[in-house]
Amino acid sequence: MSTSKPDLKLADFGVIGLGVMGQNLALNVDDHGHSVSVWNLESEWVDKFVAKNAPRKINGTKDLKDFVASLERPRRILMMIMAGAPVDQMLGKLAPLLEQDDIVIDGGNSWFKDTQRREQEMRKFGVKFFGMGVSGGEEGARHGPSLMPGGARESYERMKPILEGIAAKTDSGPCVTYVGPDGAGHFVKMVHNGIEYGDMQLIAEAYDILRKVLRIDAMELSKIFAEWNRGELESYLIEITSEVLTACDPETKRPLVDVILDKAGQKGTGKWTAQVALDLAVPIPTIAAAIDARVLSSMKDERVRASKVLGSDGKSYEGDKAPLIKAVRQALYAAKICSYAQGMSLIATGSKEWNWGVNLKEMARIWKGGCIIRAKLLDDIMRAYERDPNNTNLLLEAEFSKRVLESEKGWRQAVRVAQEQGIPVPALSGSLAYFDAYRSALLPQNLTQAQRDFFGAHTYQRTDRPEAGFVHSDWQSLIKKS
């Protein structure tokens, strides 16, 4: 039964799922002059939402048929529900009620291959299915997220006025664009989250070096991060880091960050990014290191036992304070560039694999506002892809290569000091190894390939005749016996 007024006109947009994100997106749509219908599995949530926002003309429905009937055709419906089986179950109920060219958007963090499958299945009903990444959390959903929709191009044009209205705005325009067909939107959001994992781990490692080596307290660290946020490292994550470090625990009167257990959670998108990167043979060591770090952090009891057995005999640091702070800043900046380079390379490779035609400049543009990884660096990334849309790696772009090389000395110093002190810096050191490997004309995998051919006849190519293809040697006849 509908809780809407009988004379209410058909709504422009529908939202299924009234969790935090669904509620805030519905209010955001309403703020921008578009009428909204809402539905939730637990019907009491509908009553509470409509009552709480009584001055607004939001159409609350309790029956799915009423919800569908309340929408202007072709319908535009956003699902903000838990990823996985609930999405399939919802589509199973919704699809028979829809008509040709109706649009259904999955705004959750769904696995992009599930989105590809669902897009195919919904075609049987004539329904246009979109997988749309939504970044920015609760605040972004309410006041302007970054949106990454993937689906049928012609249907995107029908959604565009609403999506551009609710998206975050920057000097480069609304933070939404057509990403590509079927699973492209969810793929890009997945990689966005992978970059986010890497960025957060890099910041955590910088914080760890400064607090453990220089014994800097939370308030002073806050000032350091605030200063960094006024330069090339300016970003949402650096900004909130400086703010988090000022928070005081009301119970102990200590910095709140110091009483938080060092166990980080994850919801799966980072893991998916690493899995896909392996499938596509794209190296993403910074992101992979961040995932490993979260897994290791979850092993708290085991780590405490290991600390008593293995201890740490790191050298004491006797250098000056200011140079190390500068070195850590340079390390964070250079490693951050590497993290973005890895993520953009993965998007480019995925786009080629599935023929999506993703515009990397546009991805950098729509990440400038609303999303968690918004940063000053994205302006530079945009310009890099303007100069060369086919750039295969940001490290090859003249401006970025210059900046990384300028930061290299400090980067190495920060990693060296951390390792001497026994402080784990997997993302900073993994980024450095990526940089060194990527620029190496000669790597030791000639030995690896020799070993593979020795024990498994896997063949190899010769440096003097690579055009001859793969060959195999009878190693036993060639080995010199002592």
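Read in order, the letters of the sequence shown are residues 1228 to 1709 in the working numbering.
Each residue gets a CB set at the ideal place from its N, CA and C atoms; glycine is no exception.
Applying the 10 Å Cβ sphere with the 16-neighbour rule, what's the burial state of residue i?
i: S1229; result: For S1229, the pLDDT reaches just 41, beneath the cut-off of 50, and the residue's location in the model is therefore unreliable, although a value from the coordinates is still provided. Buried, since its Cβ has 16 or more Cβ neighbours within 10 Å.
i: A1504; result: buried
i: C1475; result: exposed
i: N1255; result: buried
i: H1413; result: buried
i: D1234; result: Confidence is the limiting factor: at D1234 the pLDDT is only 42, short of 50, which leaves the residue's position unreliable, though a coordinate-based value still follows. Its Cβ having fewer than 16 others within 10 Å, D1234 is exposed.
i: K1232; result: Unreliable positioning characterises K1232 in this predicted model, as indicated by a pLDDT of 43, which lies under 50. The coordinate reading is nonetheless provided below. K1232 comes out exposed.
i: K1431; result: Per the sequence shown, the amino acid found at residue 1431 is Ala instead of Lys. Buried: at least 16 other Cβ atoms inside 10 Å.
i: M1526; result: exposed
i: G1696; result: exposed
i: L1573; result: buried
i: S1264; result: buried
i: D1444; result: exposed
i: N1582; result: exposed
i: S1667; result: exposed
i: E1624; result: buried
i: M1446; result: exposed
i: P1512; result: buried
i: S1539; result: exposed
i: V1331; result: buried
i: K1707; result: exposed
i: K1595; result: buried
i: V1721; result: Because the chain here runs from 1228 to 1709, residue 1721 falls outside it and cannot be looked at.
i: S1700; result: exposed
i: V1295; result: buried
i: V1247; result: exposed
i: K1416; result: buried
i: S1578; result: buried
i: S1262; result: buried
i: P1401; result: buried
i: T1288; result: buried
i: T1479; result: exposed
Check the DSSP bridge columns for residue i and list the partner residues they point to.
i: A1238; result: L1298
i: A1602; result: S1462
i: G1577; result: Answer is none; G1577 lacks a bridge partner.
i: N1286; result: S1264
i: G1360; result: M1375
i: R1303; result: I1330
i: P1482; result: C1475
i: V1698; result: Y1687
Hey, residue i and residue j are a contact pair by Cβ (cut 8 Å); roughly how many whole angstroms apart?
i: S1373; j: G1597; result: 4 Å
i: L1659; j: V1642; result: 6 Å
i: P1376; j: L1390; result: 7 Å
i: V1536; j: A1411; result: Not quite, the Cβ-Cβ distance comes to about 49 Å (not below 8 Å), so this is no contact.
i: S1311; j: A1654; result: Ser is not the amino acid found at residue 1311; the sequence shown has Gly there. Going by Cβ atoms, the distance from G1311 to A1654 rounds to 29 Å, so no, they are not a contact pair.
i: V1273; j: N1280; result: The Cβ separation is near 11 Å, so there is no contact.
i: A1568; j: N1620; result: 5 Å
i: R1592; j: S1399; result: 5 Å
i: L1298; j: L1237; result: 6 Å
i: D1333; j: M1359; result: 7 Å
Please identify the residue among the options whose C-alpha is closest to the C-alpha of residue i.
i: R1630; options: T1690, L1460, A1508 and K1579; result: L1460
i: R1350; options: T1686, A1379 and K1708; result: A1379
i: K1553; options: E1633, K1603, K1284 and S1667; result: E1633
i: G1421; options: R1345, I1514 and S1524; result: I1514
i: E1384; options: R1369, P1313 and V1403; result: V1403
i: K1355; options: P1512, T1468, G1244 and D1329; result: D1329
i: R1302; options: Y1661, L1325 and G1311; result: L1325
i: A1562; options: K1636, G1364, T1576 and P1550; result: K1636
i: K1542; options: V1242, L1441, Q1676 and I1518; result: L1441
i: A1501; options: H1419, P1651 and S1382; result: H1419
i: G1363; options: Q1648, D1680, A1654 and A1602; result: A1602
i: P1323; options: M1309, E1348, E1299 and D1333; result: E1348
i: E1249; options: R1532, D1239 and M1307; result: A quick correction: the sequence has Gly, not Glu, at residue 1249. For the residues R1532, D1239 and M1307, the minimum Cα distance to G1249 belongs to M1307.
i: P1313; options: D1293, S1399, N1336 and R1530; result: N1336
i: G1371; options: H1259, N1456, D1315 and L1305; result: H1259
i: I1285; options: E1454, K1494 and D1239; result: D1239
i: V1406; options: S1382, L1245 and K1275; result: S1382
i: L1245; options: K1236, L1298, S1270 and H1261; result: S1270
i: S1566; options: A1278, D1485 and L1604; result: L1604
i: L1483; options: D1489, G1492 and T1473; result: T1473
i: D1519; options: K1490, V1509 and D1506; result: K1490
i: H1685; options: V1555, E1299 and T1675; result: T1675
i: G1546; options: R1689, Q1640, K1498 and H1261; result: Q1640
i: G1683; options: M1386, Q1428, K1387 and W1702; result: W1702
i: L1669; options: E1423, T1690 and I1650; result: T1690
Note to self: For a minimum of 4 consecutive residues, which ranges assigned as the alpha helix (DSSP H) are wholly contained in the region 1635-1696?
What the structure shows: 1653-1665 and 1672-1683
Checklist line | beta strand (DSSP E) segments (min. 3 residues) lying fully within the region 1324-1354 | finding: 1330-1333
Check: What are the uninterrupted segments assigned as alpha helix (DSSP H) that are 4 or more residues long and contained completely in the region 1368-1448, given in chain order?
Finding: 1380-1393 and 1411-1440
Margin query: So within the region 1490-1548, which uninterrupted alpha helix (DSSP H) runs reach at least 4 residues, ignoring any that extend past its ends?
Written below: 1496-1507, 1512-1524 and 1527-1537
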